[in-house]
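Student: In this text, residue positions in the sequence shown follow the numbering used here: the first is 20, and each later residue adds one. Here's a structure for you.
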Amino acid sequence: MRLADDEKAMRDGAEGPAVAAAMNLLVRYGEALGAEHLCDTRNVAGTMTQPSPVKERLVREGGWPKAFSVINLDSDAEFEIPHMRVPTCQLQHGFSDDALGVAPYPASMVDLQADAESFYGAHGVNILATCTPYQVGNLPVRGEHCAWMESSAVVYANSVLGARTNCEGTASTGAASLTGKIPCWGNHLAENRHGTHLIEAEVPVEGFLDWGMFGYFVGDLVQENRPVVTGSLAQPDLTDLKHFGAATASSGGVELFHLPGITPEASTVEQAFGGPPPHRLVYGARERRETYELLNSQGSSSDVDFVLLGCPHASIDQVARAARALEGRTLTAELWIMTPRALRTVADRNGYTEIIHRAGGRVLTDSCPAMSKSAPEGTRVFATDSAKQAHYLPAILGIEAWFGTLEECVDAAVTGTWRGELR
Ligand code: F3S
20 MRLADDEKAM RDGAEGPAVA AAMNLLVRYG EALGAEHLCD TRNVAGTMTQ
70 PSPVKERLVR EGGWPKAFSV INLDSDAEFE IPHMRVPTCQ LQHGFSDDAL
120 GVAPYPASMV DLQADAESFY GAHGVNILAT CTPYQVGNLP VRGEHCAWME
170 SSAVVYANSV LGARTNCEGT ASTGAASLTG KIPCWGNHLA ENRHGTHLIE
220 AEVPVEGFLD WGMFGYFVGD LVQENRPVVT GSLAQPDLTD LKHFGAATAS
270 SGGVELFHLP GITPEASTVE QAFGGPPPHR LVYGARERRE TYELLNSQGS
320 SSDVDFVLLG CPHASIDQVA RAARALEGRT LTAELWIMTP RALRTVADRN
370 GYTEIIHRAG GRVLTDSCPA MSKSAPEGTR VFATDSAKQA HYLPAILGIE
420 AWFGTLEECV DAAVTGTWRG ELR
């Protein structure tokens, strides 16, 4: 891999041992990927504060510098950690104190994470603590090279914002935060951003439930390729695209999609493909029903113990809609809505949180049941409006899942019974 002069200087220790270790990691990583050079980035979204027993041990042995060296720089050496070189944010992590007494989650991990926030916050990591950093102030611009983790955030950044990032890992984002560099390959290169598959919706796709189902179908079909989707699509909003992208990245490994006329790199179908489009594939009534049945294939008992809304983390409009659906009602099952903490502040000011609490629900932040491997004690059956959460949580927690609209989920939380159906 060709290194620029500033990169050679970092590698050779001109900016200290931690930066040298970071550059060493990026060179090894880039060469393994076949990257020819590094690109500059001023936008890193990674994870440093997520607690774990391994991290707890490393902190006991050598403090946060040791944990960062081992986990975020793949190095056993011990050195002082400098201030982040470029803007860096923390994605979702474990539950915080708002979940104490609500989620069966160890208080020791909450404390460890709070300690991590102090350390990394002082080193320049912005604790956004969400899988949707684009909802709370981290909005890269078109063409901007980023180093982001979290599949649902990566597909949103590439597709909706036109930024450029691969799906990075804990170590590569750690190294990028200290160097402002990331291997230039994959989605960073224009020639790798054209569509590969054309999928046309022949049934209306409107509202985030249908966008989620459509995304789940598309991801399963194209796997790690780049779908271009057209057809009877209603004008999507942030929530629709958040659910569509997250679903494509769950049933498949989609990191970039195009919606001609809507997403920034595809004014037309031809532009999305960089030439003539391939043979079109169809999403019709049969495919929609099969997708719905697949997402509901992990539920057999209709007795619902737990309802989860907000995966990816809910927009303020979703929180408002949940509050409207819960107004004046009383829950029999547990209901959690996950949202970024910055948006929970808005929900508090608007009175949404109080309405949800009065019904018996919770507005939680920072994490989710899949991320923290934690649902209400005794949960056997849960319901969700998220294709991504329906995909992952049964495998993570060994529970049954129902998938349906936000209103059907609220109904299940009120009655304790799943009564959803495809309309
Ligand atoms: Fe976010 Fe958890 Fe879903 S991290 S994307 S709410 S699985």
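Every residue, glycine too, gets a C-beta built ideally from N, C-alpha and C. These figures come from a predicted structure and were not determined experimentally.
Indicate, with yes or no, if the ligand F3S has a heavy atom lying under 7 Å from the CB of Phe-407.
Tutor: Locating residue 407 in the sequence shown gives position 388, where the first residue counts as 1. According to the sequence shown, residue 407 is Lys rather than Phe. Checking every heavy atom of the ligand F3S against the Cβ of Lys-407, one is found closer than 7 Å.
Student: Between the segment 368-385 and the segment 113-121, do three or more beta carbon pairs fall short of 8 Å?
Tutor: The segment 368-385, when compared against the segment 113-121, does touch it at the 8 Å Cβ threshold.
Student: For Arg-104, which residues of its own chain have a beta-carbon under 8 Å away from its beta-carbon, when the five flanking residues on both sides are left out?
Tutor: Numbered from 1 along the sequence shown, position 85 holds the residue referred to as residue 104. Cβ within range, chain order: Val-38, Ser-196, Leu-197, Thr-198, Gly-199.
Student: Determine, using beta carbons only, whether Pro-84 and Met-128 come nearer to each other than 8 Å.
Tutor: In the sequence shown, residue 84 corresponds to position 65, counting from 1. In the sequence shown, residue 128 corresponds to position 109, counting from 1. Not in contact: Pro-84 and Met-128 (Cβ atoms no closer than 8 Å).
Student: Contact check, Glu-219 vs Thr-267 under 8 Å by CB: the rounded distance?
Tutor: As a first step, residue 219 is located in the sequence shown; it is residue number 200 there, counting from the start. As a first step, residue 267 is located in the sequence shown; it is residue number 248 there, counting from the start. Rounded, the Cβ-Cβ distance is 16 Å, inconsistent with contact.
Student: Run through the segment 335-383 for me and flag every whole beta strand (DSSP E) of 3 or more residues, listed as ranges in chain order.
Tutor: Listed in chain order, they are 353-357, 381-383.
Student: Report all residues for which the CB-ligand distance to some heavy atom of the ligand F3S is below 5 Å; order them along the chain.
Tutor: Gln-111, Cys-150, Ser-171, Cys-330, Pro-331, Cys-387, Ala-389, Met-390
Student: Taking the continuous beta strand (DSSP E) assigned at Glu-419, which residues delimit it?
Tutor: Working through the sequence shown from its first residue, we reach residue 419 at position 400. It spans 419-422 - the beta strand (DSSP E) in which Glu-419 sits, taken as one unbroken run.
Student: Within the segment 94-139, note down every full beta strand (DSSP E) run reaching 3 residues or more, in order along the chain.
Tutor: 107-109
Student: May I ask you to report which of helix, strand or coil DSSP gives Ile-201?
Tutor: Here residue 201 is taken as the residue at index 182 of the sequence shown, counted from 1. DSSP places Ile-201 in strand when its eight states are reduced to three.
Student: Taking the alpha-carbon positions, what's the Ala-64 to Pro-296 distance?
Tutor: Taking the first residue of the sequence shown as 1, we reach residue 64 at position 45. Taking the first residue of the sequence shown as 1, we reach residue 296 at position 277. Distance between the alpha carbons of Ala-64 and Pro-296: 34 Å.
Student: I'd like to confirm something about Ala-339: is its beta-carbon nearer than 7 Å to some heavy atom of the ligand FAD, or not?
Tutor: Within the structure as shown, the ligand FAD is missing, the only ligands being the ligand F3S.
Student: Among the residues of its own chain, which have a CB less than 7 Å from the CB of Ala-333, if the five just before and after it don't count?
Tutor: Counting from one through the sequence shown, the residue named residue 333 turns up at place 314. Answer for Ala-333: Ile-356, Met-357, Thr-358, listed in chain order.
Student: Around the Cβ of Pro-72, are there at least 16 other Cβ atoms within 10 angstroms (buried) or fewer (exposed)?
Tutor: Position 53 of the sequence shown, counted from the first residue, corresponds to residue 72. By the beta-carbon neighbour count (other beta carbons within 10 angstroms, threshold 16), Pro-72 is exposed.
Student: Using the rule of at least 16 other Cβ atoms within 10 Å of the residue's Cβ for burial, across every protein chain shown, is Arg-245 buried or exposed?
Tutor: On the sequence shown, position 226 is the one that residue 245 refers to. By the 10 Å Cβ count, Arg-245 comes out buried.
Student: Please name the residue, chosen from Leu-92, Val-429, Met-42, Asn-185, that lies closest to Asn-62 on a Cα-to-Cα basis.
Tutor: By 1-based counting over the sequence shown, the position of residue 62 is 43. Cα-wise, what sits closest to Asn-62 is Asn-185.
Student: Got a sec, what are the start and stop residues for the alpha helix (DSSP H) Glu-312 sits in?
Tutor: As a position in the sequence shown, residue 312 is number 293, starting the count at 1. 304-314 is the span of the alpha helix (DSSP H), which, as asked, contains Glu-312.
Student: Please confirm whether Ala-304 and Arg-348 have their CB atoms less than 8 Å apart.
Tutor: Position 285 of the sequence shown, counted from the first residue, corresponds to residue 304. Position 329 of the sequence shown, counted from the first residue, corresponds to residue 348. Cβ distance not < 8 Å, so Ala-304 and Arg-348 don't count as in contact.
Student: Output yes or no for whether 8 Å exceeds the beta carbon distance between Tyr-311 and Leu-147.
Tutor: What you label residue 311 is simply residue 292 of the sequence shown in a count that begins at 1. What you label residue 147 is simply residue 128 of the sequence shown in a count that begins at 1. Result no, Cβ atoms of Tyr-311 and Leu-147 do not sit closer than 8 Å.
Student: Take every Cβ of the segment 400-419, pair it with every Cβ of the segment 315-330, and state whether three or more of those distances are shorter than 8 Å.
Tutor: Cβ pair count under 8 Å is three or more, so yes.
Student: Is there contact between the segment 272-287 and the segment 166-176, where contact requires at least three CB pairs shorter than 8 Å?
Tutor: yes
Student: Counting pairs of beta carbons, one from the segment 283-296 and one from the segment 250-262, are three or more of them closer than 8 Å?
Tutor: no
Student: If we ignore side chains and look at the alpha-carbon of each, how far apart do Ala-54 and Met-20 end up?
Tutor: Residue mapping note: residue 54 aligns to position 35 of the sequence shown, counting from 1. Residue mapping note: residue 20 aligns to position 1 of the sequence shown, counting from 1. One C-alpha to the other measures close to 7 Å.
Student: Which residue comes first and which comes last in the beta strand (DSSP E) that contains Cys-428?
Tutor: Mapped onto the sequence shown, residue 428 falls at position 409. Per DSSP, Cys-428 belongs to no beta strand (DSSP E); it is in the alpha helix (DSSP H), 425-434.
Student: Check whether the segment 365-379 touches the segment 229-241, taking contact to mean three or more Cβ pairs, one atom from each stretch, closer than 8 Å.
Tutor: Too few Cβ pairs lie closer than 8 Å, so no.
Student: With DSSP run on the structure shown, which of helix, strand or coil describes Arg-183?
Tutor: For the purposes of this step, residue 183 is identified with residue 164 of the sequence shown, where counting begins at 1. Looking at Arg-183 - three-state DSSP - the assignment turns out to be strand.
Student: Using 10 angstroms around the beta-carbon of Gln-337, count the other beta-carbons present and answer buried if the total reaches 16, otherwise exposed.
Tutor: Position 318 of the sequence shown, counted from the start, is the residue given in the question as residue 337. Buried: at least 16 other Cβ atoms inside 10 Å.
Student: Which one or two residues does DSSP pair with Ala-402 in a beta bridge?
Tutor: Position 383 of the sequence shown, counted from the first residue, corresponds to residue 402. The partner list for Ala-402 (beta bridge, DSSP) reads Val-326, Trp-421.
Student: Taking the straight line between their C-alpha atoms, what separation do you get for Ala-341 and Cys-428?
Tutor: In the sequence shown, the residue the question calls residue 341 occupies position 322. In the sequence shown, the residue the question calls residue 428 occupies position 409. Ala-341 and Cys-428: Cα-Cα distance of roughly 10 Å.
Student: Which residues in the same chain as Tyr-411 place their Cβ atom closer than 8 Å to its Cβ, once the five residues preceding and following it in sequence are excluded?
Tutor: In the sequence shown, counting from the first residue as 1, residue 411 sits at position 392. Correct list, in chain order: Ser-269, Ala-389.
Student: Could you spell out the range, first to last residue, of the beta strand (DSSP E) harbouring Val-247?
Tutor: By one-based count along the sequence shown, residue 247 stands at place 228. Segment 246-252, the beta strand (DSSP E) holding Val-247.
Student: Spatial neighbours of Gly-397 within its chain, please: C-beta separation below 7 Å, excluding the five flanking residues on both sides.
Tutor: On the sequence shown, position 378 is the one that residue 397 refers to. Only Asp-324 meet the Cβ criterion.
Student: Is it buried or exposed for His-207, if we count other Cβ within 10 angstroms and need 16 for buried?
Tutor: As a working note, residue 207 is residue 188 in the sequence shown. Counting Cβ neighbours within 10 Å, His-207 comes out buried, since at least 16 surround it.
Student: Counting along the chain, where does the alpha helix (DSSP H) carrying Glu-75 start and finish?
Tutor: As a position in the sequence shown, residue 75 is number 56, starting the count at 1. Glu-75 -> alpha helix (DSSP H) spans 72-86.
Student: Which first and last residues belong to the beta strand (DSSP E) in which Ala-389 is found?
Tutor: As a first step, residue 389 must be located in the sequence shown, where it is residue number 370. Element bounds for Ala-389: not the beta strand (DSSP E) but the alpha helix (DSSP H), 388-391.
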